[in-house]
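> In full-length UniProt numbering, the protein residues as written are 1 to 453.
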Amino acid sequence: MFRNLIYAAALMTLAGCGRDYLDIKPKGKVIPSTYKDYRLLMNNSYDLVSSYGADELASDNVEYYEQQGLDYLGTSTYRIHTWQDDVWMSTDNDAQWSNLYKQVYLANVVLDGMKSVTDGTEKERNQLTGEALIHRSFAYLSLVNLYAVQYDAATSATDRGVPLLLAPTTDAKLNRASVKAVYDQLLTDLNQATALLGTTSTSVYEPTLAAAYALQARAYLIRGEYPEALKAASKTLEIKNQLADYNKFVADPRNTYPENRSNPETILMKTVSNSYTWFSLSKDLQTEFKDSLIDLRYKVLFTSTTAPFVGYLYYWGEFLLFDARLVGPTVPEMYLVRAECNARLNNVAAAMQDVNLLRKMRIAQAAYVPSTAATADEALQQVLSERRRELCFKGQRLFDLKRLNKDPRFAKTITHTYSGQTFTLKPNDYHYVFPVAPKLMQMNPELEPNERR
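1) Apart from the five residues on each side of it in sequence, which residues of its chain come closer than 7 Å, Cβ to Cβ, to Pro438?
2) Out of curiosity, what's the CA-to-CA distance linking Lys393 and Asp429?
3) Pull up the distance between the alpha-carbon of residue 455 and that of Tyr78, whole angstroms please.
4) Which residues in the same chain as His81 place their Cβ atom closer than 6 Å to its Cβ, once the five residues preceding and following it in sequence are excluded?
5) Please work out which residues of its chain come closer than 7 Å, Cβ to Cβ, to Leu141, disregarding the five sequence neighbours upstream and downstream, and give them in chain order.
6) Measure how close the beta-carbons of Leu296 and Arg362 come, nearest whole angstrom, since I'm counting them as under 8 Å.
7) Tell me which same chain residues have a C-beta within less than 7 Å of the C-beta of Ala376, skipping the five on either side of it?
8) Hey, could you find the ends of the beta strand (DSSP E) Pro163 is sitting in?
9) Quick check: the Cα distance between Lys25 and Ile31, rounded to an integer number of angstroms?
10) Asn255: buried (16+ other C-beta within 10 angstroms of its C-beta) or exposed?
11) Considering only their Cβ atoms, is the gap separating Ser273 from Gly74 smaller than 8 Å?
12) Can you confirm whether Glu228, when its beta carbon is compared against all beta carbons of chain E, has any partner nearer than 8 Å?
13) Does DSSP put Thr236 in a helix, in a strand, or in coil?
14) What did DSSP end up calling Leu230 once you bin it into helix, strand or coil?
15) On the three-state DSSP scale, how would you describe Ile31?
16) Of all the options Leu301, Ser234, Asp85, which has the alpha carbon lying nearest to the alpha carbon of Arg452?
17) Going by DSSP, what residue range makes up the alpha helix (DSSP H) through Ile222?
18) If Val144 sits next to Val179, beta carbons under 8 Å apart, how far is it from one beta carbon to the other, in whole angstroms?
19) Kindly confirm or deny that the segment 201 to 213 and the segment 130 to 138 touch, where touching means at least three C-beta pairs closer than 8 Å.
20) Is the separation between the beta-carbon of Asp323 and that of Asn260 shorter than 8 Å?
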């Protein structure tokens, strides 16, 4: 019954979103019509968890040092990693786009259904509506940051965003809404969700009020609206604030490090969409771990001896329990959002208090000394460095690079050199924006491409 409902909701017939990609009433399948049916759709972790993941390859966190490492990448991912103009072949699907728009469609099915369903209690229906709004807003926040330019208040009303689909229709035209319109919608969704969701759930797959506030915090931080991000992060931490102590994991991480689903730091379970789980750390990222002898993240999450390429320094956190990389919001992210906002708002003591709350759980107990900052600028530098270390390979670095490039203090040029050829990504370059797959534009001619040259 469960999978039949998923197929009836038309999620499996084409990678992406566009005309003729949905089979609304397949013969012999069950069409959702009751609260229980829609509850089953929202319990569909198969389609609602896997999100994006190629972003890390386009960031400054990843670098390869031998041909063997490059051979690990597929053709399209190598082109993403080297910021080339043409990424996709004409027949390629884009898993990130596909997965995120599947989530949009499934959320729209439920939101539309909740308008007429009368069974289930009002509280249950509100919770289901709130969950659908969270899944849709997460998808659009991810899409607009992968496939559109960095939010800029001065140009967002005219900058091309992504198609904004708000109904479960099979024939919508995929004209791109503005960046502003996408943000306006997802923030409206999140605001509505805060009035509908409870503070507890049966699992991290099920969105709660903390997830709504956490996504608000993420969105406002990306937009540079620091008072609003500070408020949202604080509300999140009022509900969920527990940090895991890495001192408990360092002796035997494989048997003690918690899975995403049981990690107290996980606010909403969203994971990567691809199989690229081993990442060779860039020299630049390795330099960030200047306290590698006492920083337990370095000891727990990275390895230099594990296959496939012995001798590389690799991120392997997802292999401790064969867990997928998490890109959903977490408690540490919220502490860092609050710390960054406080630093930017000249609240130095408050910023460093949150930094040290996190560091105390990440630094070897015998070596821990609280960090201090004399000025707001110094505090901000420390927060951003801590954010780089804590959130590497968790779906935020590319978005951070895009927003920080708007500030000359943090603008950064990234280079890779392979086989004698140097590839360069300059601040605010078009190649920070993922291309739209040609296959999608062939099926939907109104879907405009991203500038790549």
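Yeah, the Cβ is synthetic: ideal placement off N, Cα and C, and Gly gets one too.
By the coordinates alone:
1) Here residue 438 refers to the residue found at position 438 of the sequence shown. For Pro438, where only same-chain residues beyond five positions count, the Cβ hits under 7 Å are Trp88, Ser90.
2) Stepping through the sequence shown from its first residue, residue 393 is reached at position 393. Stepping through the sequence shown from its first residue, residue 429 is reached at position 429. A small fix is needed here, since residue 393 is Phe in this sequence, not Lys. Straight-line Cα distance between these residues: approximately 22 Å.
3) Given that the chain is displayed from residue 1 to residue 453, the structure contains no residue 455 and the question cannot be resolved.
4) Numbered from 1 along the sequence shown, position 81 holds the residue referred to as residue 81. The answer, listed in chain order, is Leu57.
5) Here residue 141 refers to the residue found at position 141 of the sequence shown. Spatial neighbours of Leu141 in its own chain (CB-CB distance under 7 Å, excluding positions within 5 residues in sequence) are listed in chain order as Leu186, Leu215, Arg218, Ala219.
6) Locating residue 296 in the sequence shown gives position 296, counting from the first residue. Locating residue 362 in the sequence shown gives position 362, counting from the first residue. Between the beta-carbon of Leu296 and that of Arg362 there is about 6 Å, and that keeps the pair under the 8 Å contact cut.
7) The residue you call residue 376 lines up with position 376 of the sequence shown. Ala343, Asn346, Val348, listed in sequence order.
8) Numbered from its first residue, the sequence shown carries residue 163 at position 163. Following the DSSP letters along the chain, one finds Pro163 inside the beta strand (DSSP E) bounded by residues 160 to 163.
9) Working through the sequence shown from its first residue, we reach residue 25 at position 25. Working through the sequence shown from its first residue, we reach residue 31 at position 31. Here Lys25 scores only 40 on pLDDT, less than 50, and its place in the model is too uncertain to base an answer on.
10) Here residue 255 refers to the residue found at position 255 of the sequence shown. Result: exposed.
11) Position 74 of the sequence shown, counted from the first residue, corresponds to residue 74. Position 273 of the sequence shown, counted from the first residue, corresponds to residue 273. The answer is no: Cβ separation not under 8 Å.
12) Here there is only one protein chain, and chain E is not present.
13) Along the sequence shown, one-based indexing puts residue 236 at 236. Helix.
14) Position 230 of the sequence shown, counting from 1, holds the residue named residue 230. Helix at Leu230.
15) Locating residue 31 in the sequence shown gives position 31, where the first residue counts as 1. Assignment of Ile31 by DSSP, reduced to helix, strand and coil, places it in the coil class.
16) Here residue 452 refers to the residue found at position 452 of the sequence shown. Of the listed residues, the one whose Cα sits closest to Arg452 is Asp85.
17) Looking up residue 222 in the sequence shown gives position 222. That run of the alpha helix (DSSP H) goes 209 to 223.
18) Position 144 of the sequence shown holds residue 144. Position 179 of the sequence shown holds residue 179. Going by Cβ atoms, the distance from Val144 to Val179 rounds to 6 Å, so yes, they are a contact pair.
19) Contact holds: three or more Cβ-Cβ distances are below 8 Å.
20) The count along the sequence shown starts at 1 and reaches residue 323 at position 323. The count along the sequence shown starts at 1 and reaches residue 260 at position 260. Taking a C-beta distance under 8 Å as the contact criterion, Asp323 and Asn260 qualify as a contact pair.
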